[in-house]
Structures are given as structure tokens and as C-alpha cells.
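Chains as they are written, first to last, in my numbering: chain A, 3 to 336; chain B, 62 to 404.
Structure first, commentary second.
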């Protein structure tokens with residue numbers, strides 16, 4: 003047990019190191035953007051009326067100072083970390099002075115909800131069906147499912163998303179294709195709102211599931227068809243061990259171990275994948291926020307979104323790593 | 062004494078059909094033998110001689126492409142006649158472990174690596190034993206004690222045990238229900254000789270205690286000399302000789318057996334062992350006549366065309382050779398150690 007805590011501690015330090023490196027990289031990349039938030043505000047302001055060049059110069063100086071962009075980059079970097087450790091990610095430059103973190107927190111539940119739901123659905127259904135398909139290799143339904151999965155799996159999910167929009171938005175318009183909930187519903191914990199959210203999440207979730215489930219299904223099927231030839235499965239069958247016990251405790255249980263590892267590895271990819279899905283469905287999540295912030299040079303929001311994404315993915319992998327020794331007793335933790 | 066297993070003219074082939082080209086590999090070709098109650102019957106033969114295919118049939122582990130094409134193998138479990146080649150899955154499930162158990166080759170991989178030993182005991186033995194709770198665990202602990210295993214191994218995972226312990230655990234799993242018939246496929250092959258001796262002695266003790274019959278397969282003749290009551294020699298899918306262990310080692314009546322016995326090392330004897338020329342035949346195209354004739358020093362024309370039947374040549378001694386009277390032990394040194402000295 004002591005060894006396990008030591009392992010967890012080491013892994014925690016690693017988590018901090020990964021977050022630090024990732025957020026630092028995000029900081030420099032976002033500050034190297036050629037789009038200046040000051041210019042983009044001035045452009046917006048001066049587009050409506052005329053100002054004297056002096057006024058614009060004064061405005062530019064004030065804004066630059068206000069945004070903390072008047073000091074060298076390394077000092078901005080130190081300032082950023084100084085504020086970061088107190089939980090302050092700075093104000094959004096374009097929705098000034100709303101804190102960037104608040105914008106992120108408004109968008110986060112949408113992305114998080116969509117992601118968790120689809121990941122869990124994909125992983126569970128894909129693995130269970132894949133496991134059954136590997137074990138009952140002659141089942142017609144599972145064979146057909148395998149063919150469909152092979153066909154769908156290589157299609158990029160944004161193409162599938164567009165297909166969904168065309169199918170259910172235009173050809174057979176039964177599902178909403180844009181937004182997070184119906185316009186006329188008040189945002190509150192009412193059944194009406196929840197139902198509306200589920201209704202609007204259906205198409206984006208379906209696009210993610212259709213593509214994602216096949217990967218898990220095919221991976222699990224391959225794993226299981228290998229495991230059923232292992233000696234311990236043959237032996238249990240010869241001993242007359244009950245079929246469900248063999249299927250779940252001997253076959254699927256053992257195939258789950260590598261699938262758990264690949265779950266951790268795909269988490270990061272899915273986060274970036276939802277950005278495109280959110281664009282297609284104008285979903286009010288992190289992806290939409292991020293794309294808008296990048297286009298307008300809102301560096302603090304870009305940084306806030308990236309930081310949260312980095313922390314979320316790194317933490318998820320951390321938790322799965324901590325669970326790994328529990329699922330596989332052969333893992334040594336020292 | 063009555064027979065617990067009667068095998069009649071059993072033929073089991075690997076039937077393969079790839080893109081219209083069919084091939085059959087005659088892994089088990091016309092085997093007739095019986096196993097008595099409370100005896101250890103050793104089966105010997107070199108690799109790919111068909112001995113594993115034969116016991117796969119006996120263990121009712123017949124999976125395509127292996128198919129039984131003729132003959133029968135009938136168990137007699139206290140009046141209940143079961144033929145594993147024809148019995149329904151339900152009947153098989155009912156006799157497995159309760160009457161018929163199996164010790165598989167390679168103890169390293171027969172236990173689920175992520176399941177505690179106790180769970181394996183529950184999976185394997187709880188239903189056939191018909192016990193639950195305390196009674197079940199007392200039975201399991203008692204049984205492990207017979208195998209010189211501490212009850213702590215129940216809490217362990219397979220990778221936490223040594224090879225010898227794991228082998229004893231698998232023997233424990235196979236014998237805890239006191240089955241009448243145990244099939245042991247190379248149970249000691251992966252172990253070093255010291256552990257091997259212990260495991261053999263344990264297996265022998267357990268067998269004597271629960272009065273079951275054992276079919277013991279190994280290519281190691283020294284192991285047969287130690288443990289078997291009778292030994293059958295399989296060559297190229299056929300039973301070529303069968304006798305009481307002592308008779309087989311003292312006076313083999315098939316030239317192949319003669320060579321096997323001669324290959325055994327003896328203390329103080331530094332002579333080089335004569336090697337048998339050639340390789341075992343391809344079972345897809347076995348040679349005509351006696352399958353051993355291409356390698357046999359005694360082969361005559363008759364051996365090349367006519368298949369010698371397995372005939373009784375002495376009391377409880379059968380051999381399939383046209384010239385069985387002329388077979389002499391290649392080295393007539395003393396008999397390998399008797400099994401009584403092992404336990």
C-alpha cells in the first residue's frame with residue numbers, strides 16, 4: 003500500500019509538470035498570434051465613428067497598458083503565472099472586464115456534458131458489443147454491426163456531422179441542428195430545459211457516437227478473439243465453468259485492461275475533436291468560445307480554454323493511471 | 062476389475078478445406094484401448110505423434126478442424142455411460158470436473174492472470190461439489206493441505222506463485238472434486254526435475270486417495286517409469302504397443318519402444334545412445350503398411366505393404382509389429398527406478 007501512495011505521489015508531480023509545460027506552451031503560442039486584441043477593439047470602435055489620430059493613439063496606449071501588454075513577454079509570462087496560482091486567469095480582452103474564467107465556466111458544462119456522455123456511451127457499448135462479437139463469432143447481428151463499424155469508422159466525424167445535418171436538418175427535418183437548447187426555454191433546472199438540452203444534444207452526440215463506437219468495437223473484438231484462444235479460457239471451458247462467468251470474468255475482464263489504457267490516450271484527441279463538432283452545430287461549448295477568441299485575438303480566453311483543457315485531460319489520464327493497478331494486479335507500482 | 066474407459070477403433074482427423082483443396086491429417090488412427098478403475102495409464106509418443114489430439118477427444122475438447130470420423134470412446138461413471146464424441150453439451154457440462162477432469166499442459170498459462178486463486182476454485186469447483194460457504198472452503202483448504210499448499214495461496218494471483226506451486230494449484234483444481242477420471246497432459250514438463258519428482262509423488266498420492274483413474278501423457282519415458290501402471294506407446298497416430306510398465310521397459314515388443322527405452326540414460330553408463338534415423342512421418346500422407354517401417358531396422362517387405370494389427374503378445378501386453386518376437390531390448394541394463402521409491 004505504501005508503494006502505491008509513493009506511485010500516486012510521483013504521478014501527481016508528473017501531472018503538475020505536464021500541466022505547467024502545456025500551459026506555458028499555450029501561453030507563448032497565443033502571444034505569438036499576429037492578431038492584436040488592441041487593434042481589433044480599435045477597429046471595432048473606430049468603425050462606428052471618426053476619431054482623431056491622437057485620440058486613437060491615446061486609446062491604444064491605454065488599452066495596451068490595461069491589458070498588460072506594455073511590458074516584455076517574459077514579464078507578461080511571470081505576471082500570468084502569478085495570477086494563475088491565485089485562480090485568476092485575467093479578464094477577457096474583448097468582453098472586458100468579464101473574467102476569462104467566467105466565460106470558460108459558462109461554456110464548460112456544455113462541452114463536458116457532451117463529452118462525458120459520448121465517451122461513456124462509446125466506451126461501454128463499443129466494448130460490450132465488441133466483446134460479445136469476439137466471443138460469439140457466428141452471431142449474425144454482431145457480424146452485421148462489425149461491417150457497419152468498419153464502414154463508418156474511417157470517416158472523419160465532421161463529415162458524419164454534416165451528413166447528420168443534411169439528413170435530419172433538411173431531408174427529414176426532425177431534429178434541431180444548431181444551438182444548445184430551444185430559444186424560448188428559460189435556463190434553469192426545469193424538466194423543460196433538461197429535455198430541450200437533451201433534444202439539442204442528440205445530433206452532435208450521435209455524430210460523435212457513430213464514429214467513436216466503431217473504434218472501440220473493432221479494437222475490443224480483435225482483443226477478445228485473441229483472448230478466447232488463451233489457455234486459461236480453454237481450460238475454464240473444459241472445466242465446465244458457466245458461460246457468463248467465462249465471458250465476463252475471463253474474457254472481457256482481461257480485454258478491458260488495454261482498453262482502459264487506450265481510453266486515457268484518446269481523451270485528449272476527443273477534446274480537440276469536439277471543437278469541430280461544436281462549430282458544425284453552433285454548440286455553445288468550449289470549442290465555439292475558443293474559435294471565436296482565436297479569431298479576435300482574445301489571448302486570455304484562448305489561454306483560459308487551453309489551460310482548462312490541458313488540466314482536464316491530464317487529470318483524466320492521471321485518474322486512469324491510478325486505477326490501473328487495481329484493474330491489473332500484475333502492474334508493479336514501485 | 063471393470064474398465065472405466067473403453068476406446069473402440071477411434072479415428073480423429075484434422076479435416077481442413079482451404080479454397081477447395083481439402084486435406085486430412087490422421088492424428089488419431091484406429092486406436093483401441095481401455096483404462097481400468099484406479100490405474101494410471103501412461104501415454105507416450107514423440108511430438109506430433111497425435112497423443113494430444115487423442116486426449117483432446119477423451120477430454121471432449123473436440124473443436125474443428127479436429128473431427129471424430131469413426132469409433133467411440135465410452136466412459137462408465139458408476140453406470141452412467143458417456144461418450145464424449147457424441148454426448149450433448151448439457152451432459153458434458155454435467156460430467157465435467159465432477160467425473161472427468163483435466164490437467165492441462167503449461168501450468169503457466171492455464172490460470173486467469175487477473176483472477177485470485179480462490180475465485181478460480183469457486184468458478185471450477187463450487188457447482189460440481191455442490192457445497193457452498195464454509196463447507197466449500199473447508200474442503201478446498203483440506204485439499205490444498207494434501208498438496209502441501211498453505212491456504213494463503215487462495216488469496217494470491219497466479220503471477221505471485223512459483224512454477225511448482227502453480228502446478229500444484231492446477232492439480233488441486235483438477236482433483237478437489239474427486240473425479241473418477243483425470244486426464245493429465247504433460248503436467249510436469251515445464252518443471253525442473255526436483256519439483257517434478259514432488260509433483261509426481263503428490264499426483265500419485267492424490268490418485269491413490271481418491272481412487273481415480275488417470276491418463277497421463279508425456280514424452281518423458283522416465284516419468285512413465287515412475288508413475289504409470291501401464292503404458293501405451295503412440296507412433297504416428299497409432300497405438301503401437303501397450304503393456305504393464307515393468308514389462309514394457311524390460312521386454313519391449315515393438316522396435317520403436319525398444320529405441321525409446323534404450324534412449325533412457327542410466328547412472329554409470331557413458332555409452333552413446335543410438336539415435337533413430339529419420340523423422341516422424343507426415344500424418345497427412347502417412348507411409349503405407351506399418352508407419353514405422355521407414356525408420357525401422359527390422360523392416361521387411363511385409364511391413365511396407367501390410368498394416369500390422371495390435372495383437373496380444375503376452376499377458377496384458379499388446380504390440381503392433383510383424384516381427385515382435387525378434388525385438389530385443391537394445392540395452393538390457395536394470396529397470397529404471399520403480400515408482401514405489403518415489404512416494
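All C-beta atoms in this analysis are idealised placements derived from N, C-alpha and C, irrespective of residue type, glycine included.
The structure displayed is predicted, hence computed values, not measured ones.
What would DSSP say about residue i, mapped onto helix, strand or coil?
i             : result
residue 397/B : Any reading at residue 397/B needs caution, since the residue's pLDDT is 46, under 50, leaving its predicted position unreliable; the model's value is listed next. In the structure shown, residue 397/B sits in coil (DSSP, three-state: anything other than H, G, I, E or B).
residue 402/B : Residue confidence is low: residue 402/B scores 42 on pLDDT, short of 50, so the model does not pin down where it sits. No coordinate-derived value is stated.
residue 137/B : strand
residue 227/A : helix
residue 195/B : helix
residue 304/B : strand
residue 120/B : coil
residue 185/A : coil
residue 155/A : coil
residue 154/B : helix
residue 90/A  : coil
residue 280/A : helix
residue 258/B : helix
residue 194/A : helix
residue 286/B : helix
residue 162/B : strand
residue 112/B : helix
residue 118/A : helix
residue 325/B : coil
residue 322/A : helix
residue 13/A  : helix
residue 317/B : helix
residue 123/A : helix
residue 353/B : coil
Which whole-angstrom value describes the C-beta separation of residue i and residue j, a residue pair presumed to lie in contact below a C-beta threshold of 8 Å?
i             : j             : result
residue 245/B : residue 224/B : No, residue 245/B and residue 224/B are not in contact; Cβ-Cβ is about 16 Å, not under 8 Å.
residue 321/B : residue 282/B : 5 Å
residue 301/A : residue 39/A  : 6 Å
residue 118/B : residue 145/B : 7 Å
residue 122/B : residue 66/B  : Wrong, their Cβ atoms sit about 16 Å apart, outside the cutoff.
Could you list which residues in chain A have their beta carbon closer than 8 Å to that of residue i, in chain order?
i             : result
residue 158/B : 241, 242
residue 341/B : Per Cβ cutoff of 8 Å: no residues; residue 341/B is ~25 Å from chain A at best.
residue 218/B : 331, 332
residue 170/B : 232, 233, 234
residue 163/B : 237, 240, 241
residue 406/B : No statement about residue 406/B is possible, as the shown extent of chain B runs from 62 to 404 and does not include it.
residue 154/B : 242
For residue i and residue j, what's the separation of their Cα atoms in angstroms?
i             : j             : result
residue 298/A : residue 198/A : 31 Å
residue 8/A   : residue 325/A : 14 Å
residue 143/A : residue 150/A : 11 Å
residue 109/A : residue 13/A  : 29 Å
residue 86/B  : residue 196/B : 48 Å
residue 366/B : residue 359/B : 14 Å
residue 304/A : residue 231/A : 50 Å
residue 289/B : residue 277/B : 8 Å
residue 227/A : residue 163/B : 24 Å
residue 389/B : residue 314/B : 7 Å
residue 258/B : residue 248/B : 12 Å
residue 209/A : residue 306/A : 27 Å
residue 215/B : residue 156/B : 25 Å
residue 400/B : residue 275/B : Unreliable positioning characterises residue 400/B in this predicted model, as indicated by a pLDDT of 42, which lies under 50. The coordinate reading is nonetheless provided below. Looking at the two C-alpha atoms, the distance is approximately 15 Å.
residue 278/A : residue 126/B : 50 Å
residue 213/A : residue 102/B : 58 Å
residue 328/B : residue 318/B : 21 Å
Could you list which residues in chain B have their beta carbon closer than 7 Å to that of residue i, in chain order?
i             : result
residue 263/A : Near residue 263/A there are no residues of chain B at all, since even the closest Cβ is about 14 Å away, more than 7 Å.
residue 238/A : 184
residue 323/A : Neighbours of residue 323/A on chain B: none; closest Cβ ~17 Å, over 7 Å.
Report the neighbours of residue i on chain A: residues whose CB is nearer than 9 Å to its CB, in chain order.
i             : result
residue 167/B : 233
residue 78/B  : Within chain A, no residue comes near residue 78/B; the closest Cβ sits about 17 Å away, beyond 9 Å.
Determine the chain B residues that contact residue i at a beta-carbon separation under 8 Å, and present them in chain order.
i             : result
residue 256/A : 173, 174, 175
residue 1/A   : Examination of residue 1/A is not possible in this model, given that chain A is present from 3 through 336 alone.
So with Cβ pairs under 8 Å, would you call residue i a contact of chain E?
i             : result
residue 247/A : In the displayed structure, chain E is absent; the protein chains listed are A and B.
Taking 7 Å as the cut-off, is the C-beta of residue i nearer than that to any heavy atom in the ligand GDP?
i            : result
residue 68/B : Judged by which ligands are present, the structure shown has none, so any question about the ligand GDP falls away.
Q: Would you be able to state if there are at least three C-beta pairs under 8 Å between the segment 104–112 of chain B and the segment 285–304 of chain B?
A: A contact is defined here as three or more CB-CB pairs under 8 Å, and the segment 285–304 of chain B meets this definition with respect to the segment 104–112 of chain B.
(Q) Whether or not the segment 229–243 of chain B and the segment 204–217 of chain B are in contact is what I'm after, with contact meaning three or more pairs of Cβ atoms, one per stretch, closer than 8 Å; do they touch? (A) yes
Q: Count the CB pairs spanning the segment 177–196 of chain B and the segment 285–298 of chain B that are closer than 8 Å, and state whether there are at least three.
A: No, they do not touch.
(Q) Is it the case that the segment 259–271 of chain A contacts the segment 281–296 of chain A, given that we only count it when at least three CB pairs across the two stretches are under 8 Å? (A) no
Q. Is it true that the segment 51–68 of chain A meets the segment 119–134 of chain A, where meeting means three or more beta-carbon pairs spaced less than 8 Å apart?
A. no
(Q) Pairs of beta-carbons, one from the segment 309–329 of chain A and one from the segment 125–141 of chain A, closer than 8 Å: are there three or more? (A) With the cut-off at 8 Å, the segment 309–329 of chain A and the segment 125–141 of chain A do not touch.
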